[in-house]
Amino acid sequence: MPTIAIVGAGPRLGLSIAKVFGRNGFSVALVARTQDKLDRLAVELGESGIDAAGFAADIMDRPPLIAAFTGIKERFGTIDVLEFSPAPHNPVPGITMTGPPPPPPSAPGC
């Protein structure tokens with residue numbers, strides 16, 4: 337069975353991706369910082385007949401991240417699809433534009 341690893345798994349985007357892939361024959365490995373959250377997501381997926389497990393790791397902390405991917409390999413084997421959408425730890429402040437916005441780029445034939 338192919339496996340998807342979802343890094344930054346959460347109750348919205350990550351869970352939706354997990355459901356789509358799971359319904360199409362994939363096992364689902366969930367990676368995020370909080371094991372309790374991952375366990376809840378895995379239970380929800382399991383109730384839909386999807387083989388899923390959570391692996392807690394912070395992407396900014398290399399040893400636990402390596403341990404998570406080692407656990408995924410032990411549990412599911414090879415990762416066939418990697419989905420990476422973690423939330424930012426320290427969001428960058430927005431850029432403030434002054435003056436009118438630049439014109440849109442033009443393409444030949446448009």
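With the sequence shown counted from 1, adding 336 to any position gets you the working numbering.
C-beta atoms are modelled at their ideal positions from N, C-alpha and C, and glycine is treated no differently.
According to DSSP, is residue i helix, strand or coil?
i, result
"isoleucine 402", "helix"
"alanine 291", "Within the shown structure, residues of the chain are numbered from 337 to 446, placing residue 291 beyond reach of any answer."
"cysteine 446", "Residue confidence for cysteine 446 is low, a pLDDT of 49 falling below 50, so the modelled location carries little weight; the figure read from the coordinates is stated next. Coil at cysteine 446, not helix or strand."
"serine 352", "helix"
"phenylalanine 391", "strand"
"isoleucine 386", "coil"
"isoleucine 340", "strand"
"alanine 378", "helix"
Taking only the alpha-carbon atoms, compute the straight-line gap between residue i and residue j and give it to the nearest angstrom.
i, j, result
"phenylalanine 391", "proline 347", "15 Å"
"isoleucine 340", "serine 363", "6 Å"
"aspartate 375", "isoleucine 402", "19 Å"
"valine 343", "alanine 393", "9 Å"
"glycine 361", "alanine 345", "19 Å"
"proline 422", "alanine 368", "8 Å"
"arginine 398", "leucine 349", "24 Å"
If you measure between the beta carbons of residue i and residue j, is that distance less than 8 Å?
i, j, result
"isoleucine 475", "alanine 354", "Since the first and last residues shown for the chain are 337 and 446, residue 475 lies out of range."
"glycine 358", "leucine 377", "no"
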